[in-house]
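Written below as structure tokens is the structure these notes are about.
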Amino acid sequence: MDETQRKKLVNELISLIEKGNAHVSFKDSVADLPSGLRTVIPENLPYSIWQLVEHIRIAQKDIVDFSASADSKSLAWPDDYWVEPTDAVSDDDWNNALKQIEEDQQRFQALLEEKQNDLFAPLPWGTGQSLLREAMLIADHNAYHTAEIVIARRLLKSWK
Numbered sequence: 001m002d003e004t005q006r007k008k009l010v011n012e013l014i015s016l017i018e019k020g021n022a023h024v025s026f027k028d029s030v031a032d033l034p035s036g037l038r039t040v041i042p043e044n045l046p047y048s049i050w051q052l053v054e055h056i057r058i059a060q061k062d063i064v065d066f067s068a069s070a071d072s073k074s075l076a077w078p079d080d081y082w083v084e085p086t087d088a089v090s091d092d093d094w095n096n097a098l099k100q101i102e103e104d105q106q107r108f109q110a111l112l113e114e115k116q117n118d119l120f121a122p123l124p125w126g127t128g129q130s131l132l133r134e135a136m137l138i139a140d141h142n143a144y145h146t147a148e149i150v151i152a153r154r155l156l157k158s159w160k
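The sequence shown: position 143 = 143 (full-length UniProt numbering), numbered continuously.
In structure tokens:
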């Protein structure tokens, strides 16, 4: 793949991860959420918005750590990927979770932009995963749970 094609592909992947393209972006899904609704579990849904945000944060960090290093530690599914319900989340905890999601996306973006990283080559420490596959996994996973956040917000009457 020539450098122009690679750059176009990388830009599309970054846009897909950050903006969602055809979907609501993660940032938009959590924007202006009243703090009192962070931990409310809507009727007939299994998770609060806080639990979904934390799941996105944990899973994305795991993917980025795995993509960046053979030394990453595997998490146990599902226990390590989901937090228990809670009655309240501080502004600091909320903002730190949102910040880590953004920082991990930037870390992954740097991996994609590093010209020496072959987007298609299997990661030497994986079982066939490539940076391209992991980029699509982040985008797909985050879009799925971002949609759940939007649904929860609609049920909580806190959506546009």
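Ideal Cβ positions, reconstructed from N, Cα and C, are used throughout, including at glycine.
All values reported here derive from a predicted model rather than from experimental measurement.
Worksheet item: Are the Cβ atoms of residue 63 and residue 138 separated by less than 7 Å?
Response: It is a contact, given that the beta carbons lie within the stated cut-off.
Worksheet item: Counting Cβ pairs, one atom from each stretch, are 3 or more of them under 8 Å apart for the stretch 67 to 86 and the stretch 111 to 128?
Response: When Cβ pairs closer than 8 Å are counted between the two stretches, the stretch 67 to 86 is seen to touch the stretch 111 to 128, the count reaching three or more.
Discussion item. Could you tell me the alpha carbon to alpha carbon distance between residue 88 and residue 11, rounded to whole angstroms?
Written reply: The straight-line gap from Cα to Cα measures roughly 38 Å.
Fill in: Whole runs of the alpha helix (DSSP H) within the stretch 52 to 120, excluding any shorter than 4 residues
91 to 113, all fully within the stretch 52 to 120.
Practice prompt. Just the C-alpha distance for residue 153 and residue 28, rounded to the nearest angstrom, thanks.
Written response: Rounded to the nearest whole angstrom, the CA to CA distance from residue 153 to residue 28 is 12 Å.
Worksheet item: If you draw a straight line from the C-alpha of residue 146 to the C-alpha of residue 24, how long is it?
Response: Going from the Cα of residue 146 to the Cα of residue 24 covers about 7 Å.
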